[in-house]
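J.:
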Amino acid sequence: MPELPEIEVLKRSLEPRLAGRRLLEVRIHAPALREPLDRRALGDLTGRRIERLGRRSKYLLIEVEGGRTLVIHLGMSGRLTLAPEAAEREAHEHLSFRLDAGERLRLRDPRRFGVAFVAPTSGLGRDRHFLHLGVEPLAPALSGPQLAGLAAGRRGPVKSFLMDGRLLVGVGNIYATEALHRAGIHPARSVARIGAQRWQNLADAVVAVLERAIDEGGTTLNDFTDGAGQEGYFQSSLAVYGRAGKPCAACGATVRRIVQGGRSTFYCPRCQR
DNA sequence: CGGTGGACCTGCTGGC
DNA sequence: TGCCAGCAGGTCCACC
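Below you can see the structure in the form of structure tokens.
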């Protein structure tokens, strides 16, 4: 579900409701998500006040007093919501924190591809999850020369390049697909055959698609919601993703589906060269 | 270096 | 109606 826009939407929805509040009690209902849950480190968060929320790549950062940060990655199917303490635990709710005022922060993740761990705030960049992450595409906005520089000396299809988190973070299958359509670039085109103008178009497209998706509350294909349970509506703006056999939103040609690196890619054979 | 395929896991959909 | 194959927003690894 979650790429950069979804995590950013989640962060923005939770921040005003979490900042300044205290984590009063933790419940852990599974031994592990994609990685084991450290009961001691998570339990050690109780009693601490939440200072601020942040985001790095597709990781949500919940910074608490005492120099710790609770880091949450939603994997493919995770959902983090703030709901009444009285509400029953839902299926696949693996981790939750009771807060004051009768609310509970709940992490549900049916597929358990997500991650939740605690790390020292000052050393986050040295944590193994963050050590090899590439550049953020927003603020400052990605530029053409920057993208070209990341691709210099490389080969391989541009879509794989966009999704390589060691170079550029936050862009997953949906937004890589949509950005390439917006830039008019065929997803299988080699990065070695992209010129300066196209790099600029692509950088602009990545930024525009991500920003618009944030504005529209993210993409809810199946189960994404923000921290209040609100679904996004960028799915209605998708030009090609998931639209194999249907008309391209821009030109009406029939959208095609191919597989790259084991993932579905959708593109318009007329708009994208 | 890059590409492929698989692993992790549950749930939903579509075809028969 | 039921069953089963295929597919799903993300990483991470082994292997060619």
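All residue numbers for the first sequence refer to my numbering, where the first residue is 120 and numbers rise by one. Heads up, the beta-carbon is just placed ideally off N, CA and C, and yes, glycines get one too.
#1: Evaluate the contact criterion for the region 214-234 versus the region 141-159: three or more CB pairs, one atom per stretch, below 8 Å.
#2: Residues in its own chain within less than 7 Å of I333 by CB, not counting five upstream and five downstream?
#3: Please report the straight-line C-alpha distance between L152 and Q316, rounded to a whole angstrom.
#4: Should T344 be labelled buried (16 or more other beta-carbon atoms within 10 Å of its own) or exposed?
#5: Helix, strand or coil: which one does DSSP assign to L286?
#6: Considering only their Cβ atoms, is the gap separating G233 from L193 smaller than 9 Å?
#7: What do you reckon, are the CB atoms on I313 and A347 nearer than 9 Å?
#8: Quick one: residues in its chain with C-beta nearer than 6 Å to the C-beta of A368, no 5 flanking neighbours on either side, listed in chain order?
#9: Determine, using beta carbons only, whether S190 and A235 come nearer to each other than 9 Å.
#10: Could you tell me the distance, in whole angstroms, from the CA atom of E207 to the CA atom of S215?
#11: Taking the alpha-carbon of G291 as reference, which of H300, L299, L281, R285 has the nearest alpha-carbon?
#12: Can you round the beta-carbon distance between R301 and V328 to whole angstroms, since I take them to be within the 8 Å contact cut?
#13: Kindly give me the distance between the Cβ atoms of V145 and L164, rounded to whole angstroms, as I take these residues to be in contact under 8 Å.
#14: Report the rounded CA-to-CA distance for D157 versus H248, giving the unit in angstroms.
#15: Taking only runs that begin and end inside the region 257-323, name each unbroken alpha helix (DSSP H) of 4 or more residues, in chain order.
#16: Report the residue from A271, H213, R174 whose alpha carbon sits nearest the alpha carbon of G244.
#17: Kindly list the residues whose CB is nearer than 6 Å to the CB of G162, restricted to its own chain and excluding five residues on each side of it in sequence; keep chain order.
#18: On the criterion of 16 or more Cβ atoms from any shown chain inside 10 Å, does R227 qualify as buried, or is it exposed?
#19: Would you mind sorting R223 into buried or exposed? The rule is 16 or more other CB atoms within 10 Å of its CB.
#20: Do you know whose CA, among L299, R274, A322, lies nearest Q391's CA?
#21: Rounded C-beta distance between R187 and R171? I'm assuming under 8 Å.
#22: According to DSSP, what are the bridge partners of R223?
#23: For Q391, which three-state DSSP category applies?
#24: Take E350 and list the residues in its own chain whose beta-carbon comes closer than 6 Å to its own, dropping the five residues that flank it on each side.
#25: Kindly indicate which three-state DSSP category G166 falls into: helix, strand or coil?
T.: According to the structure data:
#1: Cβ pair count under 8 Å is three or more, so yes.
#2: Hits under 7 Å: P124, E127, V128.
#3: Using only the alpha carbons, I get a separation of about 43 Å.
#4: Buried, by the Cβ-count rule.
#5: Coil.
#6: L193 is a Cβ neighbour of G233, given a cutoff of 9 Å.
#7: With respect to A347, I313 sits apart: the two C-beta atoms are not nearer than 9 Å.
#8: The beta carbon of A368 sits closer than 6 Å to those of A358, all from its chain and outside the five residues before and after it, given in chain order.
#9: The residue you asked about is not Ser; residue 190 is Val in the sequence shown. Yes; because the gap between Cβ atoms is below 9 Å, this pair is in contact.
#10: One C-alpha to the other measures close to 12 Å.
#11: The shortest C-alpha separation from G291 is found at L281.
#12: Contact holds; Cβ gap of about 6 Å.
#13: Contact between V145 and L164 holds: CB atoms are separated by about 6 Å, below the 8 Å threshold.
#14: Cα to Cα, the separation comes out at about 15 Å.
#15: Inside the region 257-323, DSSP marks whole alpha helix (DSSP H) runs of 4 or more residues at positions 263-270, 277-281, 292-302, from first to last along the chain.
#16: A check of alpha carbon separations from G244 across A271, H213, R174 identifies R174 as the nearest.
#17: Here the set comprises V145.
#18: A residue is called buried when at least 16 other Cβ atoms come within 10 angstroms of its Cβ; R227 meets this threshold and is buried.
#19: By the neighbour-count rule (16 or more Cβ atoms within 10 Å), R223 is buried.
#20: Checked all of L299, R274, A322; the closest Cα to Q391 is L299.
#21: A Cβ-Cβ distance of about 13 Å is found for the pair R187 and R171, leaving them out of contact under the 8 Å criterion.
#22: A202, R217.
#23: Coil, per DSSP.
#24: Only T339, T344 meet the Cβ criterion.
#25: G166 falls in the coil class under three-state DSSP.
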